[in-house]
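Participant:
Numbering (the numbering used here), first residue to last: 18 to 62.
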């Protein structure tokens, strides 16, 4: 679940490299939020 600051987030289905997902998953709980934050930084948001 995303933090409340992303309450306007849109749920999507996306295919990602297994290695990328595994790397984020290794970071533990809330890995999806960390992935989202990484994508926001990459997009300069």
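Heads up, the beta-carbon is just placed ideally off N, CA and C, and yes, glycines get one too.
(1) For a test of the three-state rule: what should DSSP assign to residue 58, helix, strand or coil?
(2) At the level of alpha carbons, what is the spacing between residue 49 and residue 42?
(3) Terminal residues of the continuous alpha helix (DSSP H) containing residue 43?
Facilitator: A quick look at the data gives this:
(1) helix
(2) 8 angstroms
(3) That residue, residue 43, is in no alpha helix (DSSP H); it is neither H nor E in DSSP.
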